[in-house]
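Below you'll find the structure, written out as C-alpha cells, and then a few comments.
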Amino acid sequence: MLDIKLLRENPSEVESRLNTRGPGVSLQVFRSLDEKRRTLLKEVESLKQTRNSVSMEIGRLKKDKKDAAALVHEMQVVSERIKKLDEEVKGADEALKGFLLEIPNLPHGSVPVGVDETENALVRSWGEPREFTFNPMEHTDIGEGLGILDFKRAGKISGARFSLQKGAGALLERALINFMLDIHTMEQGYLEVLPPFMVNSAALTGTGQLPKFSDDLFKIEGWDHYLIPTAEVPVTNIHAGEILDGPDLPLYYTAYTPCFRKEAGSYGKDVKGLIRQHQFNKVELVKFAEPETSYEELEKLTADAEEVLKRLALPYRVVNLCTGDLGFSAAKTYDIEVWLPGQARYREISSCSNFEDFQARRASIRYRPRGGKPRFVHTINGSGLAVGRTVVAILENYQTEDGGVVIPEALAPYMNGVEKIEKKR
RNA sequence: GGAGGGUUAGCCUAAUGGUAAGGCAGCGGUCUUGAAAACCGCCGGGCUUACGCCUUUGGGGGUUCGAGUCCCUCACCCUCCGCCA
Numbered sequence: 003m004l005d006i007k008l009l010r011e012n013p014s015e016v017e018s019r020l021n022t023r024g025p026g027v028s029l030q031v032f033r034s035l036d037e038k039r040r041t042l043l044k045e046v047e048s049l050k051q052t053r054n055s056v057s058m059e060i061g062r063l064k065k066d067k068k069d070a071a072a073l074v075h076e077m078q079v080v081s082e083r084i085k086k087l088d089e090e091v092k093g094a095d096e097a098l099k100g101f102l103l104e105i106p107n108l109p110h111g112s113v114p115v116g117v118d119e120t121e122n123a124l125v126r127s128w129g130e131p132r133e134f135t136f137n138p139m140e141h142t143d144i145g146e147g148l149g150i151l152d153f154k155r156a157g158k159i160s161g162a163r164f165s166l167q168k169g170a171g172a173l174l175e176r177a178l179i180n181f182m183l184d185i186h187t188m189e190q191g192y193l194e195v196l197p198p199f200m201v202n203s204a205a206l207t208g209t210g211q212l213p214k215f216s217d218d219l220f221k222i223e224g225w226d227h228y229l230i231p232t233a234e235v236p237v238t239n240i241h242a243g244e245i246l247d248g249p250d251l252p253l254y255y256t257a258y259t260p261c262f263r264k265e266a267g268s269y270g271k272d273v274k275g276l277i278r279q280h281q282f283n284k285v286e287l288v289k290f291a292e293p294e295t296s297y298e299e300l301e302k303l304t305a306d307a308e309e310v311l312k313r314l315a316l317p318y319r320v321v322n323l324c325t326g327d328l329g330f331s332a333a334k335t336y337d338i339e340v341w342l343p344g345q346a347r348y349r350e351i352s353s354c355s356n357f358e359d360f361q362a363r364r365a366s367i368r369y370r371p372r373g374g375k376p377r378f379v380h381t382i383n384g385s386g387l388a389v390g391r392t393v394v395a396i397l398e399n400y401q402t403e404d405g406g407v408v409i410p411e412a413l414a415p416y417m418n419g420v421e422k423i424e425k426k427r
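Numbered by our numbering, the letters in the first sequence go through residues 3 to 427 in order.
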C-alpha cells in the first residue's frame with residue numbers, strides 16, 4: 003500500500019511513475035473518494051463533538067438530580083444523524099481502502115524503464131557454461147532415464163504439473179534443502195523458522211497477494227485459509243501488527259516450505275518437467291530492515307542467494323527487472339537466472355526484492371527508532387533458492403554422456419555417500 | 001465436538017453505565033566532572049499553522065443521551081473433557 007499522503011500531495015508524479023509498469027492506472031477515482039470521505043468526516047466529527055460535550059452535561063445534571071429530558075431528546079436526533087453519517091464514512095473508507103489495496107508499489111529510481119522481460123538489465127554473470135562433447139539432454143529425459151523422476155505416476159495421483167521423485171531424486175531434493183539452510187543459518191546469520199503452510203486472508207493481504215491475485219492461490223474449501231504460494235507470506239507476517247525495537251534491526255529469517263501455485267494463465271508454458279509445478283519446494287530469505295539500509299540489505303541478500311549457486315558451481319547471471327516485469331509489491335527486484343544446458347538458456351531460480359514499506363504498511367509492521375516515533379520497516383525477501391529448479395540445474399549441468407549425473411562436490415556430505423547417480427543395469 | 005476462564009497502549013495492571021487511572025520500560029530536560037538517584041515533561045492513531053478536535057479497551061453488530069462495563073456474534077489465547085499422529 004502506498005502512503006495516502008503521497009497520493010494527495012503528488013498525484014501526477016505517482017501516476018506517471020506507476021504507468022511505467024504498464025498502462026491503465028488512474029488516480030481520478032482516488033481523488034473523488036478521498037474528498038468525499040474527508041467532507042463526511044468533518045461533518046460527523048463536529049456532531050460527535052457536540053454529542054460528547056452534551057452527554058457529559060447530561061451526566062452532571064442527573065447527578066444533581068436535575069431534569070435533562072430536553073437535552074436527551076435533542077441528542078437522540080443528533081445520534082440518529084451520526085449513525086447515518088458513520089455508515090457513509092464507513093462506505094467511503096472501504097471504497098478508498100479497496101482502491102489503495104489494488105495499487106502496485108512505486109518502482110525504485112534504479113529500476114530500468116521497460117515494457118517486458120526483454121528490457122531487463124544484465125547486472126553481472128558468474129561462471130562459464132560447460133562445453134559439452136555430446137548433446138546435453140533436458141532434465142526430464144535424464145531424470146526419467148535414471149528412474150529418479152516419475153511424471154507419469156505423478157499425473158495418475160494428482161494430474162499435470164506435479165512430480166514424483168524417487169530414490170536419489172528424492173534424496174537430492176532433501177540434501178539441497180539442508181545444504182541451503184545450513185549456509186543461510188550457520189554462515190550468513192539467518193534464523194531458521196518452520197512456518198505454517200496454510201495462512202489466512204489477512205496474511206495474504208499483508209504481503210500483497212490479496213485482494214488482487216486470488217486466482218493464483220489454492221483456497222481451502224469452507225475455510226478462510228489458503229496454501230502458501232511462498233514462505234514470504236507466513237514469514238513476513240511473523241511481525242504483522244508489531245512494533246519492533248529499532249536496535250534489533252535488521253532481522254534475518256530463512257525458511258524451507260513447499261509452495262503451492264495455480265499457475266493460472268501459464269497454459270502451454272513449461273508443461274514438461276520440474277520447472278513450473280503446482281507444488282514445489284523453496285528455501286526463502288526474509289529481512290526486516292530500517293529504510294536507510296534496505297537497499298544495502300537487498301544487495302547482501304542477493305549475494306547470499308548467489309552463494310548457493312557458487313558452491314554448487316552452477317553458472318548464473320543476475321538481472322535487474324525492468325518496470326514492466328516488476329511484481330505487484332516490489333520496488334526493485336533482482337532475478338538470479340541459472341544456466342540450463344538442456345534448454346540452452348538461463349532460467350529464473352531466485353527472485354530477490356525490496357518492497358520498501360509497501361508490505362509493512364499493509365501488514366502494519368513498524369519499528370521504534372531509539373526514542374523516536376514508530377516508523378514502517380522495509381521488507382526484503384528472495385529465494386535462496388527454488389529447490390526443484392536447483393535439481394533441474396544439477397541434472398542438466400552435471401550430466402554425463404552415459405546418462406548419469408555427478409553430484410557437485412559441495413553437496414557430497416549431504417548425499418549419504420552417493421557421488422554419482424547412475425543407471426541401473 | 002463439549003464446558004469454563006480470558007483479550008485494556010511496547011510490557012504489566014485498574015476503572016458502582018458518566019466519557020480510559022497508575023506503574024515499568026523508553027525519550028527529552030533540571031541537577032552532576034560523569035553516572036546513578038531524585039524531580040519535571042513527553043510517551044496509541046488521525047486531522048489541524050495553531051488553539052484544539054475526532055478516535056482507540058481483540059474484530060463486527062446491538063441497547064443507550066452516553067458502553068472497557070450490558071446483550072448478540074466472530075476470532076484468538078488458557079484450562080478441563082472427548083477424539084487423534
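Yeah, the Cβ is synthetic: ideal placement off N, Cα and C, and Gly gets one too.
Buried or exposed by the 16-neighbour rule on C-beta atoms within 10 Å, applied to residue i
i      : result
Ser418 : It is Asn, not Ser, that sits at residue 418 in the sequence shown. So Asn418 counts as exposed.
Arg23  : buried
Arg391 : buried
His75  : exposed
Phe136 : exposed
Asn239 : buried
Ala414 : exposed
Leu108 : buried
Contacting residues, own chain, Cβ-Cβ under 7 Å from residue i (five flanking each side not counted)
i      : result
Glu45  : Leu87
Val237 : Val195, Pro197, Tyr255, Ala257, Glu286, Val288
Val91  : Arg39, Leu42, Leu43, Val46
Arg263 : Asp218, Pro231, His280
Met188 : none
Phe134 : Pro343
Arg132 : Pro343, Asn399
Leu212 : Ser203, Leu206
Residue i to residue j span [Cα, whole Å]
i      : j      : result
Pro260 : Ile382 : 20 Å
Asp118 : Trp225 : 37 Å
Glu421 : Ile245 : 49 Å
Ile222 : Ser203 : 11 Å
Phe378 : Lys302 : 21 Å
Pro106 : Phe357 : 11 Å
Ser55  : Asp36  : 29 Å
Gly169 : Phe153 : 14 Å
Pro231 : Gln51  : 47 Å
Ala94  : Ala72  : 34 Å
Thr295 : Gly405 : 48 Å
Glu299 : Arg83  : 52 Å
Asn12  : Arg33  : 11 Å
Ala332 : Leu166 : 33 Å
Met139 : Gly147 : 11 Å
Leu103 : Ile179 : 34 Å
Met77  : Glu234 : 51 Å
Where residue i falls: helix, strand or coil (DSSP)
i      : result
Lys92  : helix
Gly157 : helix
Lys65  : helix
Glu308 : helix
Asp152 : coil
Phe428 : Residue 428 lies beyond the range of the chain shown here (3 to 427); nothing can be said about it.
Ile409 : coil
Ala97  : helix
Lys375 : coil
Gln78  : helix
Val285 : strand
Val117 : coil
Glu11  : helix
Gln279 : coil
Arg39  : helix
Phe164 : coil
Tyr269 : coil
Beta-carbon spacing of residue i, residue j below 8 Å
i      : j      : result
Tyr258 : Lys289 : no
Asn122 : Asp272 : no
Leu206 : Phe220 : no
Gly208 : Ala365 : yes
Ala412 : Leu342 : no
Lys284 : Ala395 : no
Ala307 : Ser355 : no
Thr142 : Lys274 : yes
His241 : Gly386 : no
Thr325 : Val113 : yes
The ligand NAD heavy atom lying under 7 Å from the CB of residue i
i      : result
Val420 : Inclusion of the ligand NAD in the displayed structure is not the case, the ligand content being empty and no account of it being possible.
Beta-carbon contacts of residue i that lie in its chain and below 8 Å, excluding the five residues immediately before and after
i      : result
Glu130 : Pro317
Val16  : Leu4, Leu8, Leu9, Leu29, Leu108
Cut-off 6 Å between Cβ atoms - residues of its own chain near residue i, not counting five sequence neighbours on either side
i      : result
Glu350 : Asp337, Glu339
His110 : Ala333, Lys334
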